[in-house]
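Offset between the sequence shown (1-based) and the working numbering: plus 4. C-beta atoms are modelled at their ideal positions from N, C-alpha and C, and glycine is treated no differently.
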Amino acid sequence: MGMQIVKHIGLFVLLLTFISVSAQEFGDNVINAPINKETGKKESPQGFKPDVRVTLGTSFSNFGPGLNTFGTYIAPEISMPVTKKFSFQIGMGYSSLFYGQPGESVFGNTNSQYGSLYVSGTYQVTEKLSVRGTGYKTFLLNPQQSENTTGTPDFSNQGVAFDVNYKVSEHFHINASFQYRQQNYPAYYYGYPQSG
């Protein structure tokens with residue numbers, strides 16, 4: 005089990021090292037269309053080109069005495085401009101989380117594997133201001149096999165989100181997000197009753 009985890013981490017590090025992703029700016033193929041020298045107007049693009057992005061990441065959390073998580077994720081997304089100001093996005097994600105109980109190694113336990121699907125629409129209000137609405141569903145890919153096994157906690161969820169993004173400069177953005185979600189909550193995981 006331990007060697008398999010080391011192999012997975014090594015593979016992940018190699019992926020991070022060798023993958024480089026570049027993405028075009030929002031609506032770049034429409035906004036930067038060539039200008040017709042005779043009319044002085046922008047030419048219509050031959051078709052909208054999709055913007056493909058891949059996000060990779062890792063995380064570590066500590067949320068109590070000895071309660072730790074370590075996670076990795078990959079999330080590809082395809083964005084398709086519909087008009088100069090509106091684009092449609094669809095994406096999916098895969099994440100793997102290891103939970104550590106007090107006195108145990110994070111990597112000694114079974115990991116939770118989650119899949120996510122989402123659909124979004126982004127509207128560019130001005131050059132600096134955009135709004136985005138998203139609907140999503142996240143589900144546990146490796147559920148508990150039977151009632152007699154400990155398994156992993158199921159934090160599956162679904163919901164909607166509304167984001168407002170303001171571009172102050174090329175390298176500085178201010179974002180506000182509002183979200184409603186329904187989520188499973190294993191109240192007695194680790195044997196600690198949760199109040200709420």
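Cα separation between Thr130 and Gln93?
If I take the Cα positions, the gap works out to 19 angstroms.
Which residues does DSSP list as the beta-bridge partners of Pro157?
Bridge partners of Pro157: none, in fact.
With DSSP run on the structure shown, which of helix, strand or coil describes Gln148?
Three-state result, Gln148: coil.
In terms of alpha-carbon separation, which member of Ala165, Tyr98, Pro85, Thr138 lies closest to Gln128?
Gln128 has its Cα closest to that of Pro85, out of Ala165, Tyr98, Pro85, Thr138.
Give the straight-line distance between the Cα atoms of Tyr118 and Gly75, rounded to the nearest whole angstrom.
Rounded to whole angstroms, Tyr118 to Gly75 spans 11 angstroms at the Cα level.
Between the alpha carbons of Ser199 and Phe90, how many angstroms are there, rounded?
Residue confidence for Ser199 is low, a pLDDT of 41 falling below 50, so the modelled location carries little weight and cannot support an answer.
Work out the CA separation of Phe64 and Ile178 for me, nearest whole Å.
Approximately 25 angstroms, taken between the alpha carbons.
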